[in-house]
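Asker: Quick note, the sequences are listed as chains A and B, same order.
Residues in the first sequence are numbered consecutively from 1, following the working numbering.
Residues in the second sequence are numbered consecutively from 1001, following the working numbering.
Shown below is the structure under consideration.
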Amino acid sequence: MIGKYALRFASLGYLAVLLVAPIGYVFWKTFEHGIAPAWHAVSTPDAVHALKVTLILTAIAVPANTVFGVLSAIAIVRHRFRGAGIFNAVVDLPLALSPVVVGLALLLLYGRGGWLGGHGVAFALPGMALATIFVSLPFVVREVVPVLREIGTEQEQAAATLGASWLQTFRRVTWPAIRWATAYGVVLTTARALGEFGAVSVISGRLSGQTESMTLYVQDRYNQYDDVGTYASSALLALLAVFTLILMTRLKPKEETQ
Amino acid sequence: MAANAGALPAAPEARRSLAPRLAVGLSTLYLSVIVLLPLAALSWKAHGWQAVTNPEAVAALKLSLGISLVVALVNAFAGTAIAWTLVRDRFVGQGLVNALVDLPFALPTIVAGLTLLILFGPKSPVNVDVSLTRWGLLLALLFVTLPFVVRTVQPVLFELDREMEEAAASLGAGRVATFLRIILPSILPAILSGVALAFARAIGEFGAVVLISGNRPFKTEVASLYIFGRIESGDSGGAAAASVVILGISFGVLIAIGALRRWVTRHDR
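Below, the structure is given as structure tokens:
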């Protein structure tokens, strides 16, 4: 009996010290003197611009990776093709690869002297978008693949036997089965895109008010010793994370929770 | 029935075989442009191997590997304990705690590092200052890797058949013996898989450690910070060379996880 409570205490204590206390403290510091100073700090032109950049990057990366995710999940599960093993490993690579390496790879491809250099990709929004797409690529695929495996091909074959075209089969049979998994993948992709830092840090050149995303703005505020700005912009991103977390909990596939 | 199937018009069949090929082709093209092309450029432009073999680089890589091993080990215990608490324990607010575990996945890494730095940094309200030390590095890496082991072990623990445990208990096995002999063998592959993911993540982490580590060569400079420093000082060839080493480690870990999963599914059947 004592063992049970000791384990509960240890687990919850670990979470409290590592997660809850630091985030709670930042929220407390942000709103220590009311909402006004915090609001003021995140409504400066640079902060608003950074938020806009982040939203634009997310609005590009999420749809692109959603279409790719569904398409490639179908390719992986339904059509055994040569090199599927390598395809799988490459899809997973952004999960394990350091964001700095990603940013550098893009810089060497699109930067000065790169194979595709000189088209305004590096140190500009297109490069940042490519970086964001890269790091948030695996999530939809990874959520849709197991569901496609699970549902099998019987219903799809039945639809095809009854004369349904590929598109009809997808719309009427496959999509209804995978849409929740896709939605969950979309939420994960969004969270990753909103929070991307390392790759964007390298490829953007960090021009304040131009190529600065929200995460880069947070670092900039910290480096400028702007405490209020640091707390407020961190709290804003943390609020977005909490909102994402609520969506994640709502959409999470049932068998993963209790 | 067979006659009916044979009488189907040929046209849908032809269209069906085109669409899948299109799916494979398009997704392969997308993957090549987004992921493979930049990585090819990275490998192509890697030169100046002294950027990998100089003492600072070796120290950074060693520190990355060493601290990631510690992170993996701590996660093996903490992650399993948290998963256990979430599945086998019952208490008020359990759903909230369960949701909270995913927070490091949702929170931008720079914010994760910053919140730790604000609470456990030079202006700490609890007088614990781990900034510019390896403890700070460890704390930041533990924060961002927290969900991996919990989320791989939790479903396996949930599915676990309790009859075996009850049988062991009725035969006189103690709680520890039951755990070690009955439960652990079943959840060990999941623990290892989560640990490997945490390890891979820790090796490459940048955002969470960039502020709290202070980036001190030979002390708190991990591989990603070293690479970033090389880029900043204009040595992108050397940075690329060091990146190729990191890329190799990441790929190796992924292949190991894949092999582990295949091994587990084979032994399940």
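The beta carbon of each residue, even a glycine, is placed where N, CA and C say it ideally should be.
Note that the coordinates shown come from a computational prediction; the quantities given were computed from them, not determined experimentally.
Name the residue from A:42, A:111, A:40 and A:79 whose alpha carbon lies nearest to the alpha carbon of residue 202 of chain A.
Answerer: It is A:111 whose Cα lies nearest to the Cα of residue 202 of chain A.
Asker: Anything in the segment 1125-1144 of chain B with a Cβ closer than 9 angstroms to a Cβ of chain A? List those residues in chain order, please.
Answerer: So the close ones are 1125, 1126, 1139, 1142 and 1143.
Asker: Quick one: which chain A residues come within Cβ less than 8 angstroms of residue 1102 of chain B?
Answerer: Neighbours of residue 1102 of chain B on chain A, chain order: 245, 248 and 249.
Asker: Helix, strand or coil: how does DSSP classify residue 260 of chain A here?
Answerer: Nothing in the structure corresponds to residue 260 of chain A, since chain A is present only between 1 and 258.
Asker: Compare the C-alpha of residue 210 of chain A against each of A:67, A:225 and A:122 and name the closest.
Answerer: Closest option to residue 210 of chain A, Cα to Cα, is A:122.
Asker: Can you find a CB in chain A that lies within less than 7 angstroms of the CB of residue 1089 of chain B?
Answerer: By this cut-off, residue 1089 of chain B is an interface position.
Asker: My understanding is that residue 57 of chain A touches residue 1108 of chain B, with C-beta atoms under 8 angstroms, so please give their C-beta distance in whole angstroms.
Answerer: 13 angstroms between Cβ atoms; not a contact.
Asker: Could you name the residues of the segment 119-132 of chain A whose beta carbon sits closer than 8 angstroms to any beta carbon of chain B, in the order they occur along the chain?
Answerer: Correct list: 130.
Asker: Drop a sphere of 10 angstroms on the beta-carbon of residue 967 of chain B, count the other beta-carbons inside from all chains shown, and report buried for 16 or more, exposed for fewer.
Answerer: The shown model of chain B, from 1001 to 1269, leaves out residue 967 of chain B, and the question about it has no answer.
Asker: So within the segment 1094-1136 of chain B, which uninterrupted alpha helix (DSSP H) runs reach at least 4 residues, ignoring any that extend past its ends?
Answerer: Listed in chain order, the complete alpha helix (DSSP H) runs (minimum 4 residues) inside the segment 1094-1136 of chain B are 1094-1100, 1103-1106 and 1109-1120.
Asker: Could you check the C-alpha separation between residue 94 of chain A and residue 1169 of chain B for me, to the nearest Å?
Answerer: Each residue's alpha carbon lies about 45 angstroms from the other.
Asker: How would you call residue 141 of chain A, buried or exposed, if buried means at least 16 neighbouring beta carbons within 10 angstroms?
Answerer: Classification of residue 141 of chain A: buried, given that the 10 Å Cβ count is 16 or more.
Asker: Quick check: the Cα distance between residue 168 of chain A and residue 83 of chain A, rounded to an integer number of angstroms?
Answerer: Their Cα atoms are separated by approximately 28 angstroms.
Asker: Could you give the distance in angstroms between the alpha-carbon of residue 1035 of chain B and the alpha-carbon of residue 1197 of chain B?
Answerer: Distance between the alpha carbons of residue 1035 of chain B and residue 1197 of chain B is about 20 angstroms.
Asker: In the structure shown, what three-state DSSP assignment does residue 1049 of chain B receive?
Answerer: Of the three classes helix, strand and coil, the one that applies to residue 1049 of chain B here is coil, per DSSP.
Asker: Along the segment 170-188 of chain A, where does the CB come closer than 8 angstroms to a CB of chain B? Name the residues.
Answerer: So the close ones are 188.
Asker: Quick one: is residue 1110 of chain B near chain A, going by C-beta distance under 7 angstroms?
Answerer: Yes, its Cβ sits closer than 7 angstroms to a Cβ of chain A.
Asker: Could you give the distance in angstroms between the alpha-carbon of residue 144 of chain A and the alpha-carbon of residue 54 of chain A?
Answerer: Each residue's alpha carbon lies about 26 angstroms from the other.
Asker: From residue 60 of chain A to residue 133 of chain A, what distance separates their C-alpha atoms?
Answerer: Each residue's Cα considered, the two are about 8 angstroms apart.
Asker: What are the boundary residues of the alpha helix (DSSP H) that includes residue 102 of chain A?
Answerer: From DSSP, the alpha helix (DSSP H) with residue 102 of chain A extends over 99-110.
Asker: Just tell me which of B:1038, B:1174 and B:1265 has its CA closest to the CA of residue 100 of chain A.
Answerer: For residue 100 of chain A, the nearest C-alpha among the options comes from B:1038.
Asker: Among residues of its own chain, excluding the 5 on either side of residue 183 of chain A, which ones have a beta-carbon nearer than 8 angstroms to its beta-carbon?
Answerer: Closer than 8 angstroms at Cβ, skipping near neighbours: 251.
Asker: Which residue's Cα is closest to the Cα of residue 108 of chain A: B:1138, B:1049, B:1234 and B:1195?
Answerer: That would be B:1234, whose Cα lies nearest to the Cα of residue 108 of chain A.
Asker: Are residue 1115 of chain B and residue 26 of chain A close, meaning C-beta to C-beta below 7 angstroms?
Answerer: Cβ distance < 7 angstroms, so residue 1115 of chain B and residue 26 of chain A count as in contact.
Asker: Is there at least one Cβ from chain C nearer than 7 angstroms to residue 79 of chain A's Cβ?
Answerer: No chain C appears in this structure, whose protein chains are A and B.
Asker: What in chain B is Cβ-close to residue 56 of chain A, meaning under 9 angstroms?
Answerer: Near residue 56 of chain A there are no residues of chain B at all, since even the closest Cβ is about 16 angstroms away, more than 9 angstroms.
Asker: Residue 1086 of chain B and residue 1075 of chain B - do their beta-carbons sit closer together than 7 angstroms?
Answerer: Contact: no.
Asker: Does the segment 1184-1193 of chain B come into contact with the segment 1138-1154 of chain B, if we say contact requires no fewer than three beta-carbon pairs (one atom in each stretch) closer than 8 angstroms?
Answerer: These segments touch.
Asker: Take residue 220 of chain A and list the residues in its own chain whose beta-carbon comes closer than 7 angstroms to its own, dropping the five residues that flank it on each side.
Answerer: Only 208 and 212 meet the Cβ criterion.
Asker: Whole-angstrom Cβ separation of residue 247 of chain A and residue 1100 of chain B, contact assumed at under 8 angstroms?
Answerer: Actually they do not touch by this definition, with Cβ atoms about 15 angstroms apart.
Asker: Does DSSP put residue 259 of chain A in a helix, a strand or coil?
Answerer: Limits of chain A in this structure are 1 at one end and 258 at the other, which puts residue 259 of chain A out of reach.
Asker: Taking 7 angstroms as the threshold (C-beta atoms), are residue 137 of chain A and residue 65 of chain A in contact?
Answerer: Yes.
Asker: Please check the pair residue 1176 of chain B and residue 237 of chain A, which I expect to be a contact at CB under 8 angstroms, by giving their CB distance rounded to whole angstroms.
Answerer: The pair is not a contact, with the Cβ atoms about 44 angstroms apart (cut-off 8 angstroms).
Asker: Could you round the C-beta distance between residue 1223 of chain B and residue 1051 of chain B to whole angstroms and report it? I think they count as a contact, below 8 angstroms.
Answerer: That pair is no contact at about 12 angstroms.
Asker: If you reduce the DSSP assignment to three classes, tell me which class residue 152 of chain A lands in.
Answerer: It is coil, neither helix nor strand.
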